[in-house]
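Have a look at the structure below before the remarks.
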Amino acid sequence: IPFEYRSDSKGRKQKELNDRAVEKILHAPGLVDWQAELAQLRATEKNPRRTLLEKHLTDYTARNTFDYFIHKDLGGFLLRELDFFIKNEIMHLDDIEHESAPRVEQYLSKIKVIRGIAHKIIDFLAQIENFQKKLWLKKKFVVETNYCVTLDRVPEDLYPEIAANDAQREEWVRLFAIDEIKGNLHNPKYCNPLTVEFLKANPYLVLDTRFFDEAFKATLAASIENFDERCDGLLIHSENFQALEFLKNTFSNTIKSIYIDPPYNTDASAILYKNDYKDSSWLCLMENRLSSSYSLLINSGIICIAIDDEEICEIRSLLSSTYQKQVGIVAVRSNPAGRKTKGKFAPAHEYAVFFGKSESSIPRALSKSDKSLARYPNEDDKGRFAWANFIRSGSNDKREDRPKLFYPIFVDEDDNICIPKMEWLDSKNEYVLLEQPRGTEVIVYPIQTKQGKIIEKNWQRGHIRVPLELEEYRIRRGQDGAISIDFKTRMDEESLPITWWDDRKYASANYGASELKELFGEKEFNFPKAKQLVIDCIKASGIKIDSSTVLDFFAGSGTTGHAVIDLNREDSGKRKYILIEMGEYFDTILKPRIQKVVYSKDWKDGKPVSREGSSHMFKYLRLESYEDTLNNLELKRTDAQKSLLDQSAPFKESYMLSYMLDVESRGSASLLNIDAFEDPLHYKLNIATGSAGETKPATVDLVETFNYLLGLTVRHLDHIRGFRVVQGTNPQGEKVLVIWRNLKEQSNTDLEEFFRKQEYNPKDLEFDLIYVNGDNNLENLRRPDETWKVRLIEEEFHRLMFQVKDV
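For the sequence shown, this note's numbering gives the first residue as 101, with consecutive numbering after it.
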């Protein structure tokens, strides 16, 4: 199960970063003595010029940037390999029929010894690998929850506290350049400290709750009814497999479209594995994530993957094995100048691969290009059209080709047309008129004269259709009085996308980088996708104007979120986005980008142009990582356990080989320490800081973690008299109440009094399920499905956290 690729925010490989560090340190001023020591050679066969500094730096970063590969069934694999080894290397089955009995006995004795030792080794290795798999697959804790919300959605009672928050003001200056607001009649001038009037005049400033205390966050959250429905986006800082598993209970069968732009394994954008199996690792990585994300899509959902020639065949094969329908493979003009290669053609294209979950996965039409619109310059209440001659041209345009399209049309002096009564005669292969022209009417046939020769042709449409749509035709009269009939050819505005996209705005090499530069003022990220390409991929995936959700679990610089926000600006839509990214640029690029595009629709050199923003709110979460899980493990053996193990050597050996890790890790914070639920708002984990090997204590958000374990759509969050209250709906449509308390401060008597004052009654029908932490005396009811209405959070938390499906 490979799960991680390594690079910095600019996409550089670790070796490149190490080389830059060595170069800088060895040439830094004022370190002559140290530099002489560090520059001593510690050569290897492959690197004869390696210095002592390079050796230590490489060893250190290697230890702290491991890629993990966890075998799904190591015990079974090693047992099969052992059997193969014994049969082919020990027994020599091809020769055994010619061996003597003593020789065979010798073989059997040797096999018995090898099997006895090997089984113990396999049991121990399988224990370690299965334990790692358990740690990898368990649902991860939320270690940070915050919200970014525009001021128009924040109660004005909170404005004085916001105006006095210097950290928030500094971020607004850095992101939005509010210190350049000079002020006018409707908008006060920027000042430090901020004023409430300034906040009221700038409703699209994006408040970030990370700058405020828990009381402020609780007040803000309580003010927003139908909380999850009002939330326009979700950002998750996490390894993407872990995040996808975390989202399953909440978002199963709810996502309309998935768009991802994974690393391609090219020289420009490779997954940085340290082994020699880059391609197979990439396939395994993608297969795990595609399988995990599949259940999130609705039945008519579509996934779109941006890919290049390096992995197009592999990704198509993977998708075909999972998804029912290949919707289309689009060649996209991505780099007009061609990407640099070594001894190969320079690729100027990439692909957008669309697959659907079912046959009901139907793509949508795209907006027409200026070139297409120019072909249909006119417009009426039915749409765009162009006038064309009603006489057919091209293939099958002669009378003999389709004789029933050669028929008379009557035209009067007021340019009215009508189709006369007539009858088809098979014997003559023509129409016979049953009435004659009246008054000023003349007969017009589809006849043209070329070089003095009369050519009988066809009309574009049959005679039955014409009278039903007379407004679609017009008469033109030449200087010689000749009559021509035109008809409206209409643009097919619902035509499905073609498989060649060559709009210049799709060129990520040009537009992706420049769009980011306009936002940040400098190049901050390598190979961002062009926003228009992502917009059209989302549109083609069937996303409509409603509250459909787009998921991107290789979010990178956040182009997908930017595209969704701009689409909603364009048509007042309510589309939502979920962005998952594990890179350090989550904080430096992705999240700031979303904040910036919410605040202003247009930017220049890192500064907002119009400051025309959108009302918006998104939540961002940070999940415990696999490394965090490992860092928080504690193996504990009690004196009673030690005494029992010492009484029997065979029992102790079996325990050590097969059970020790699972038993002695119980109670570790990363494996759910139930005792800590006494004070659930102060549950701690040591979380990696980003510097290799360093950690710091962080408070786990058990409330938010449990919401996602339940799959809860939150309607209301509140903090009432020391109790944390969550109301929402679970995936089964049941109304749920969750009550959290500090058991050291709120007794069962306090809990019962709280229920009485809040008018919560387990007997009534207001809630279908009630969850409370800690044993309690609340009256319980047995439900029709034989389960209880009031449930312990601790039991449900443990069950859901470790209720995982193997991959």
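Each residue gets a CB set at the ideal place from its N, CA and C atoms; glycine is no exception.
Does the distance from the CB of residue 628 to the CB of residue 275 come in under 9 Å?
no
With 16 other CB atoms within 10 Å as the buried threshold, where does residue 634 fall?
buried
If you run the structure through DSSP and keep just helix, strand and coil, what is residue 417?
helix
Rounded to whole angstroms, what's the CA-CA distance from residue 454 to residue 844? Just pull it up for me.
55 Å
Reference residue 910, options 788, 690, 159 and 509, closest by Cα:
This structure does not reach residue 910, given that the chain is present from 101 up to 907, and the question cannot be answered.
Alpha carbon of residue 314 to alpha carbon of residue 818, nearest angstrom:
12 Å
Could you tell me which residues DSSP pairs with residue 708 in its beta bridges?
703
Pick from 802, 689 and 827 that is closest to residue 814, judged by C-alpha positions
827
Could you say if the segment 676 to 690 and the segment 644 to 657 meet the contact criterion of at least three C-beta pairs nearer than 8 Å?
yes
As a quick exercise: from 397, 557 and 520, pick the residue whose alpha carbon is nearest that of residue 460.
397
May I have the straight-line CA-CA distance separating residue 710 from residue 688, to the nearest angstrom?
23 Å
Does the separation of the CB atoms of residue 180 and residue 436 fall below 9 Å?
no
How long is the line joining the alpha carbons of residue 566 and residue 589, rounded to whole angstroms?
14 Å
Sequence ranges, beta strand (DSSP E) only - wholly within the segment 310 to 373, length at least 3
333 to 337 and 355 to 360
Secondary structure, alpha helix (DSSP H): runs of 4+ residues fully inside the segment 832 to 864:
848 to 858
How many Å lie between residue 458 and residue 781 at the Cα?
44 Å
When we look at the beta-carbon of residue 176 and count the other beta-carbons within 10 Å, is it buried (16 or more) or exposed?
exposed
Report yes or no: do the segment 350 to 366 and the segment 302 to 318 share at least 3 C-beta pairs separated by less than 8 Å?
no
Could you pull out every residue in the same chain whose Cβ sits closer than 6 Å to the Cβ of residue 535, ignoring the five residues on either side in sequence?
520 and 521
Have a look at the DSSP bridge pairing and note the partners of residue 584.
576
Using CA atoms only, rank isn't needed, just tell me which of 778, 863 and 834 is closest to residue 823.
778
Grouping DSSP H, G and I as helix and E and B as strand, with all else coil, what is residue 528?
coil
Is the beta carbon of residue 249 sitting closer than 9 Å to the one on residue 335?
no
Residue 871 vs residue 839 beta-carbon contact at 9 Å:
yes
Helix, strand or coil for residue 617 per DSSP?
helix
According to DSSP, residues forming a beta bridge with residue 797:
786
Quick one: what's got a C-beta closer than 6 Å to residue 377's C-beta in the same chain, skipping five residues either side?
At residue 377 the pLDDT is 43, less than 50, meaning the model places this residue with poor confidence and gives no usable figure here.
On the CB-based measure, 16 or more other CB atoms within 10 Å of its CB, does residue 744 come out buried or exposed?
exposed
Who does residue 478 pair with in a DSSP beta bridge?
485
Taking the beta carbon of residue 759 as the centre, do at least 16 other beta carbons fall within 10 Å, making it buried, or is it exposed?
exposed
Inter-residue CB distance, residue 243 and residue 785 (contact presumed, cutoff 8 Å)
6 Å
By a C-beta neighbour count over all protein chains shown, 10 Å radius and 16 as the cutoff for buried, is residue 501 buried or exposed?
exposed
Helix, strand or coil: how does DSSP classify residue 882 here?
strand
Collapsed DSSP secondary structure at residue 637 in the structure displayed
helix
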